[in-house]
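According to this note's numbering, the residues represented by the sequence shown are 24 to 257, in order. Here is the structure we will look at, set down as C-alpha cells.
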Amino acid sequence: MADRSVYVNNALLGLADHHGDESEYSVMVYGVGGTSGSVDVIKDIQDGAGDSVMDAANDAIRVSLVAGGGTTVLSSGSFARPNDANAYAAGDVITDSTSAPTVITFSGCARANNGSGIIIGAQCIDSANQSTKPTLELWLFDTTFTPDNDNAVFTPTDGELATLVGIIQFNLWFVGDATAGAGGNCVSLGALTEPMAFVTGASSTSLFGILVVRNAYTPVAQEQFTIRLRVLQD
Ligand SMILES: [Ca+2]
Ligand SMILES: [Ca+2]
Numbered sequence: 024m025a026d027r028s029v030y031v032n033n034a035l036l037g038l039a040d041h042h043g044d045e046s047e048y049s050v051m052v053y054g055v056g057g058t059s060g061s062v063d064v065i066k067d068i069q070d071g072a073g074d075s076v077m078d079a080a081n082d083a084i085r086v087s088l089v090a091g092g093g094t095t096v097l098s099s100g101s102f103a104r105p106n107d108a109n110a111y112a113a114g115d116v117i118t119d120s121t122s123a124p125t126v127i128t129f130s131g132c133a134r135a136n137n138g139s140g141i142i143i144g145a146q147c148i149d150s151a152n153q154s155t156k157p158t159l160e161l162w163l164f165d166t167t168f169t170p171d172n173d174n175a176v177f178t179p180t181d182g183e184l185a186t187l188v189g190i191i192q193f194n195l196w197f198v199g200d201a202t203a204g205a206g207g208n209c210v211s212l213g214a215l216t217e218p219m220a221f222v223t224g225a226s227s228t229s230l231f232g233i234l235v236v237r238n239a240y241t242p243v244a245q246e247q248f249t250i251r252l253r254v255l256q257d
C-alpha cells in the first residue's frame, strides 16, 4: 500500500508505508482545528524516534486524535440563593430554592459525551461581602442527583456518593468590592489536594455540584454564587 492520508474530524491523518511492503507504518496526525476524532490503525505505529508504540500482544491500537486548538476550558456554574436572609448552620446546603432546588451544572467539562479530563483549579465568586465569610465545600459528581432544599442539612445518599468526583474547599476569601453586604463581593480560590480526574456520563459532557456550608453563615437575599472550574480536557 502506498502512503495514505485522510481527514478525520478535521484532523489530517497520514499513514506512511516505510518499506513499501506494508511491514512497517508510521502514523502522523496534524491538527487543523475543530473537533476531535479517533481511528483504529492496523500495523505498527512508531513515535518520532522510530520506536514502536504498539502493544506487542495486539495487532491493533486505538489512537485518539486531538485536533489543533486549546484543550483547557473554563466551565462555570452559577445560581442565586432564595430571597431571604435566613442564617445557615454548619452542614447545611446553599441552593437556589427552599422547595424545588436544582443542582449546579458545569457543562462542557468533557469535549464529548463520556469524555474525561482533569480539574486543576476552581474559584468561587460571591456577589456579597458579609463580614463573616462562608466556609464552603463544592461537592462534585459525574451524575446528576436530587439536591437538598436550601438551608436544609446535606443528606447525600450512598448511591450518590458512589458518583462523587471530588470535593473542593472554599475557605480563604479575597474581598473585591469592599462595600459591606450585598453591595460588595468577594472571591475564594479553591483548595484542591490533588488534580481531580473525572469521566462524564454516557450521554453527557457535564459535572454536577452542590455547595455545603461548614460554618454559621448569614447570607444576603438572592446572593449569587458563581463557580468556575479550570479543566484540562483529554
Ligand atoms: Ca438550616
Ligand atoms: Ca454585590
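Positions of the beta carbon are idealized from the N, C-alpha and C atoms, including for glycine. What you are looking at is a predicted structure, and each value in this text was computed from that prediction instead of being measured.
Alpha carbon of residue i to alpha carbon of residue j, nearest angstrom
{"i": "serine 130", "j": "serine 101", "result": "11 angstroms"}
{"i": "alanine 201", "j": "serine 226", "result": "43 angstroms"}
{"i": "alanine 103", "j": "valine 116", "result": "13 angstroms"}
{"i": "alanine 244", "j": "valine 254", "result": "31 angstroms"}
{"i": "valine 176", "j": "serine 99", "result": "25 angstroms"}
{"i": "glycine 232", "j": "glutamate 160", "result": "10 angstroms"}
{"i": "proline 218", "j": "aspartate 165", "result": "16 angstroms"}
{"i": "aspartate 181", "j": "tyrosine 240", "result": "27 angstroms"}
{"i": "glycine 43", "j": "cysteine 147", "result": "58 angstroms"}
{"i": "alanine 90", "j": "alanine 220", "result": "Confidence at alanine 90 is low in this model, with a pLDDT of 49, below 50, so its placement is unreliable and the value that follows should be read with caution. Spanning the two alpha carbons is a distance of roughly 21 angstroms."}
{"i": "threonine 94", "j": "asparagine 136", "result": "16 angstroms"}
{"i": "glutamine 192", "j": "glutamine 153", "result": "18 angstroms"}
{"i": "phenylalanine 248", "j": "glutamate 45", "result": "59 angstroms"}
{"i": "arginine 237", "j": "aspartate 171", "result": "15 angstroms"}
{"i": "aspartate 107", "j": "glycine 199", "result": "23 angstroms"}
{"i": "phenylalanine 168", "j": "glutamate 246", "result": "23 angstroms"}
{"i": "glutamine 256", "j": "threonine 178", "result": "31 angstroms"}
{"i": "leucine 252", "j": "alanine 72", "result": "37 angstroms"}
Simplified DSSP assignment, three categories, for residue i
{"i": "aspartate 165", "result": "coil"}
{"i": "aspartate 181", "result": "helix"}
{"i": "arginine 253", "result": "strand"}
{"i": "asparagine 152", "result": "strand"}
{"i": "threonine 95", "result": "strand"}
{"i": "glutamate 246", "result": "coil"}
{"i": "glycine 144", "result": "strand"}
{"i": "glycine 232", "result": "strand"}
{"i": "threonine 128", "result": "strand"}
{"i": "serine 122", "result": "coil"}
{"i": "valine 86", "result": "For valine 86, the predicted model reports a pLDDT of 49, less than 50, meaning its position is unreliable; a value from the coordinates is still stated below. Valine 86: strand per DSSP, three-state reduction."}
{"i": "serine 160", "result": "At residue 160 the sequence reads glutamate, which differs from the serine that was named. Correct three-state label for glutamate 160: strand."}
{"i": "valine 62", "result": "Since pLDDT at valine 62 reaches only 46, below the 50 mark, its modelled position is unreliable, and the value read off the structure follows with that caveat. Three-state result, valine 62: strand."}
{"i": "alanine 103", "result": "strand"}
{"i": "aspartate 115", "result": "strand"}
Buried/exposed call for residue i, threshold 16 Cβ in 10 Å
{"i": "serine 229", "result": "buried"}
{"i": "glycine 19", "result": "It is not possible to answer for residue 19, since the shown part of the chain is limited to 24 through 257."}
{"i": "alanine 151", "result": "buried"}
{"i": "glycine 206", "result": "exposed"}
{"i": "leucine 187", "result": "exposed"}
{"i": "leucine 184", "result": "exposed"}
Residue i and residue j closer than 9 angstroms at C-beta
{"i": "isoleucine 143", "j": "leucine 215", "result": "yes"}
{"i": "threonine 121", "j": "asparagine 194", "result": "no"}
{"i": "isoleucine 141", "j": "leucine 163", "result": "no"}
{"i": "proline 157", "j": "proline 105", "result": "no"}
Residue-chain proximity (residue i, chain C), Cβ-Cβ < 9 angstroms
{"i": "leucine 195", "result": "Reference to chain C is not applicable here, since this structure consists of a single protein chain."}
Whole-Å CB distance - residue i paired with residue j, under 8 angstroms assumed
{"i": "cysteine 209", "j": "aspartate 149", "result": "5 angstroms"}
{"i": "alanine 133", "j": "threonine 223", "result": "4 angstroms"}
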